[in-house]
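Asks: To start, I am sharing the structure in question, which I have written as structure tokens.
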Ligand SMILES: Nc1ncnc2c1ncn2[C@@H]1O[C@H](COP(=O)(O)OP(=O)(O)O)[C@@H](O)[C@H]1O
Ligand SMILES: [Mg+2]
């Protein structure tokens with residue numbers, strides 16, 4: 001099911017948690033809402049679910065205006081970070097629950113409900129644990145039950161709010177891969193909230209990067225990483241350094257000195273962003289030059305922090321066998337960079 005969020009605003013007691021947010025989610029895609037804590041991810045998810053009403057704007061499911069519809073009418077599957085399973089019910093009963101409570105007219109026969117619940121437990125690789133209770137499962141297993149339960153009602157849209165947030169790093173990584181596989185098999189339209197960029201980059205077809213109640217950028221993980229559209233996105237996704245530069249007739253300067261790269265941007269001040277691996281060592285006076293502050297080998301490269309002119313710190317990657325002795329001087333220039341003009 002395609003979902004369209006159209007000019008949605010949400011205020012809590014006049015505090016705007018979302019400002020004029022628009023987002024088209026394609027049928028069958030897995031989109032990640034990514035942003036720091038407080039950026040409005042959960043609020044957007046709850047609006048799509050129907051747990052909150054927008055202050056302004058509309059939400060469409062396909063061509064149907066769902067803005068005034070209830071959670072049940074929207075037929076949504078949910079998994080939250082701490083989605084408590086029913087403690088007094090077995091795993092099989094938990095997964096069956098959503099179908100058991102349907103009105104008689106749309107409720108499948110009992111045997112059919114059990115069959116479907118078993119099939120879903122098989123899908124989430126928990127066959128054989130039907131008779132256990134939630135307390136007898138690990139955290140990762142419980143979240144897989146929660147997902148099976150969400151899928152049991154054959155939802156039109158699946159909403160996951162930091163579902164692996166409470167689990168340890170290794171279990172998270174396993175579940176991430178597993179969720180991607182399940183998604184590829186079932187093809188549900190899925191909205192996944194996370195503040196973990198690695199999780200979003202690895203899992204999602206597209207990212208929706210949020211900050212302070214606004215969408216900063218929407219695109220594939222590659223597009224967002226390679227062409228960030230704002231300083232926020234450049235700084236939030238991947239590693240980067242920023243320098244305050246001026247542009248003078250195409251020449252990019254730091255504190256009056258040319259850094260050896262040029263631009264067609266108009267004269268003025270700007271922030272120059274680049275990633276640690278997007279640099280080259282050169283021998284020239286027109287370049288950036290700094291002193292090594294810290295240097296550490298990370299696998300196949302050496303990550304070096306440089307102090308430039310006593311006022312700026314940047315990080316660059318060098319070959320791991322580069323000596324990069326403390327306080328030694330390194331001369332380089334960015335190979336790829338982005339300028340964000342100051343307003
Ligand atoms: N029910 C609420 N009442 C008042 N403020 C809220 C409520 N829910 C969220 N907020 C505020 O809205 C902003 C966005 O919150 P939220 O959507 O939970 O962010 P995220 O999920 O990205 O951490 C925050 O400043 C938060 O304090
Ligand atoms: Mg949240």
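In full-length UniProt numbering, the protein residues as written are 1 to 343.
Ideal Cβ placement from N, Cα and C applies to all residues, glycine included.
Computed from a predicted model, the values in this text were never measured in an experiment.
By a C-beta neighbour count over all protein chains shown, 10 Å radius and 16 as the cutoff for buried, is residue 281 buried or exposed?
Replies: Taking the chain shown and counting its residues from 1, the one referred to as residue 281 is at position 281. Per the 10 Å Cβ criterion, exposed.
Asks: Among all the DSSP beta bridges, which residues are the ones paired with residue 32?
Replies: Residue 32 sits at position 32 when you count from the first residue of the chain shown. Answer is 192 and 207, bridged to residue 32.
Asks: Count the CB pairs spanning the stretch 190-203 and the stretch 160-169 that are closer than 8 Å, and state whether there are at least three.
Replies: Cβ pair count under 8 Å is three or more, so yes.
Asks: Do the CB positions of residue 286 and residue 247 come within less than 8 Å of each other?
Replies: The residue labelled residue 286 in the question sits at position 286 within the chain shown. The residue labelled residue 247 in the question sits at position 247 within the chain shown. Going by C-beta atoms, residue 286 is not nearer than 8 Å to residue 247.
Asks: Going by DSSP, what residue range makes up the beta strand (DSSP E) through residue 339?
Replies: Reading the chain shown from its first residue, position 339 is the one you call residue 339. Note, residue 339: beta strand (DSSP E), 338-341.
Asks: State the Cα-Cα distance for the pair residue 22 and residue 181, rounded to the nearest angstrom.
Replies: Residue mapping note: residue 22 aligns to position 22 of the chain shown, counting from 1. Residue mapping note: residue 181 aligns to position 181 of the chain shown, counting from 1. So the two alpha carbons sit approximately 28 Å from each other.
Asks: Provide the residue span of the beta strand (DSSP E) that contains residue 138, from first to last.
Replies: Within the chain shown, the letter at position 138 stands for residue 138. That residue, residue 138, is in no beta strand (DSSP E); it is neither H nor E in DSSP.
Asks: Using only Cβ atoms and a threshold of 6 Å, which residues come within that distance of a heavy atom of ligand 1? Order them by chain position.
Replies: Cβ-based neighbours of ligand 1 within the cut-off: 12, 15, 17, 35, 37, 38, 39, 40, 41, 42 and 43.
Asks: Specify the secondary structure class of residue 225 as computed by DSSP and reduced to three states.
Replies: As a first step, residue 225 is located in the chain shown; it is residue number 225 there, counting from the start. Residue state, collapsed to three classes: helix.
Asks: Quick check: the Cα distance between residue 284 and residue 332, rounded to an integer number of angstroms?
Replies: By 1-based counting over the chain shown, the position of residue 284 is 284. By 1-based counting over the chain shown, the position of residue 332 is 332. Rounded to whole angstroms, residue 284 to residue 332 spans 9 Å at the Cα level.
Asks: Which partner residues does residue 273 have in the DSSP bridge list?
Replies: As a working mapping, residue 273 is identified with position 273 in the chain shown. Residue 273 is bridged to 242 and 338.
Asks: Where in the stretch 251-314 do unbroken runs of the beta strand (DSSP E), each at least 3 residues long, occur, reported from the N-terminal end onward?
Replies: With a minimum length of 3 residues, the continuous beta strand (DSSP E) runs that stay inside the stretch 251-314 are 251-254, 257-262, 268-274, 279-281, 288-298 and 301-308.
Asks: In three-state DSSP terms, what is residue 183?
Replies: Against the chain shown, residue 183 aligns to sequence position 183. Residue state, collapsed to three classes: helix.
Asks: Using the DSSP secondary-structure output, state which residues sit across from residue 61 in a beta bridge.
Replies: For the purposes of this step, residue 61 is taken as the residue at position 61 of the chain shown. Paired residues: 3 and 64.
Asks: What's the C-alpha gap between residue 146 and residue 79?
Replies: For the purposes of this step, residue 146 is identified with residue 146 of the chain shown, where counting begins at 1. For the purposes of this step, residue 79 is identified with residue 79 of the chain shown, where counting begins at 1. Distance between the alpha carbons of residue 146 and residue 79: 6 Å.
Asks: How big is the Cα-Cα spacing for residue 89 and residue 49?
Replies: Translated into positions along the chain shown, residue 89 becomes position 89. Translated into positions along the chain shown, residue 49 becomes position 49. The alpha-carbon atoms of residue 89 and residue 49 are separated by roughly 25 Å.
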